[in-house]
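Worksheet for the structure shown next.
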Amino acid sequence: MTAPAPGRRRWLAAFVLLLTSLEVHANLAAQIERGRYLVQAGGCLTCHTADRPDAIPLAGGRALLTPFGTFYAPNITPDPVTGIGGWTDADLGRALREGVAPDGSNYYPVFPYPAYTGIEDADVTALGAYLRSLKPTRQQAKEHDLPWYLSSRLVMMGWNFFNFSPGRFTPDRSRDAAWNRGAYLVRHLGHCGECHTPRNLLGGLDHSRDLAGNPAGPDGEKIPDLTQNQTTGIGQWSADDIAFLLETGLLPDGDFAGSSMSAVIEDNTARLTPGDRQAIATYLKALSPRLP
């Protein structure tokens, strides 16, 4: 068999290189697009964008009022000084799923790493790809305004011991795909329990009352019960009622969701696919009623 001429070999090598490059770029573009969707599903826009008309998305600065002080969300654009420009996927995964910064310090749990701990590896990678694709914004977040006993992040080591159980999401093989997708979105990526579950004296979630409502939610709001309790929860709602609320903000009684939930709907659930909204509804309809 005659070997290709040198000129033809060079042409073939260049063609293979071009195809490989196109494939790599196509894969990266798909990963960035998936990361964009995950940022929306994860509620990142709502917390990491300052509450003012001219705010740059994800550049931080939003004040988060809690019973333990006021926290200011950080910049998560790829600025190397004030953002996450120097982070690797491993850094991002450790922050999201362990609550640990690249310098080894602990985050406060106003950053919902107790929920994000279940995020899958592929989703961490896609989130990183999208965040690195953004235009860097130089904007330093304000220092948290906290009581003296929370001034050192070392206290979070004790908090984690009592309130944090790391681990990835494990599908329930006895449930269907819609329930498992809904469980992943509600428990982890969407971190619904961070607002809708009451907390103990240390500020950890009271898992015996998961999603049963929180009388002292973010900004001092009373957050409603999402369980199938017929009186205090959404036991009388249909799955379609839930999905429609997540898309439009319209409640079954004709009123609109207000306060912080309106921002969650606008920035998060309204941007989900119909299938993901229906999966959330499927999961919530399967919850047992809980006492408020």
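Using my numbering, the final residue of the sequence shown is 732, and nothing's skipped along the way. All C-beta atoms in this analysis are idealised placements derived from N, C-alpha and C, irrespective of residue type, glycine included. Values in this document were obtained by computation on a predicted structure and should not be read as measured data.
{"Asked": "By the three-class DSSP mapping on this structure, what secondary structure does residue 474 have?", "Found": "helix"}
{"Asked": "Pull the bridge partners of residue 595 from the DSSP assignment, please.", "Found": "Paired residue(s): none; residue 595 is not in a bridge."}
{"Asked": "Along the alpha helix (DSSP H) that carries residue 633, what are the first and last residues, could you check?", "Found": "633-636"}
{"Asked": "May I ask you to report which of helix, strand or coil DSSP gives residue 543?", "Found": "coil"}
{"Asked": "Looking only at C-alpha atoms, which of 516, 473, 554, 518 sits nearest to residue 645?", "Found": "554"}
{"Asked": "Would you say the stretch 558-577 touches the stretch 472-480, given that touching needs at least three Cβ pairs under 8 Å?", "Found": "yes"}
{"Asked": "If you draw a straight line from the C-alpha of residue 587 to the C-alpha of residue 638, how long is it?", "Found": "22 Å"}
{"Asked": "Cutting at 6 Å between CB atoms, please list the residues of its own chain near residue 488, excluding the five before and the five after it.", "Found": "498, 500, 513, 516"}
{"Asked": "For the beta strand (DSSP E) containing residue 506, list its first residue and its last residue.", "Found": "503-506"}
{"Asked": "CA-CA distance, residue 654 and residue 632?", "Found": "11 Å"}
{"Asked": "Which value, in whole angstroms, describes the spacing of the CA atoms of residue 550 and residue 544?", "Found": "18 Å"}
{"Asked": "Decide if residue 718 is buried, meaning its Cβ has at least 16 other Cβ atoms within 10 Å, or exposed.", "Found": "buried"}
{"Asked": "Kindly indicate which three-state DSSP category residue 578 falls into: helix, strand or coil?", "Found": "coil"}
{"Asked": "Per DSSP, what are the beta-bridge partners of residue 585 in this structure?", "Found": "510"}
{"Asked": "May I have the straight-line CA-CA distance separating residue 579 from residue 503, to the nearest angstrom?", "Found": "15 Å"}
{"Asked": "Where does residue 601 sit, in a helix, a strand or coil, going by DSSP?", "Found": "helix"}
{"Asked": "In three-state terms, what does DSSP make of residue 620?", "Found": "helix"}
{"Asked": "Are residue 667 and residue 621 touching if we call contact CB-CB under 8 Å?", "Found": "no"}
{"Asked": "Alpha carbon to alpha carbon, how far is residue 520 from residue 584? Give it in angstroms, no decimals.", "Found": "21 Å"}
{"Asked": "Please report how far the alpha carbon of residue 641 lies from the alpha carbon of residue 589, in whole angstroms.", "Found": "14 Å"}
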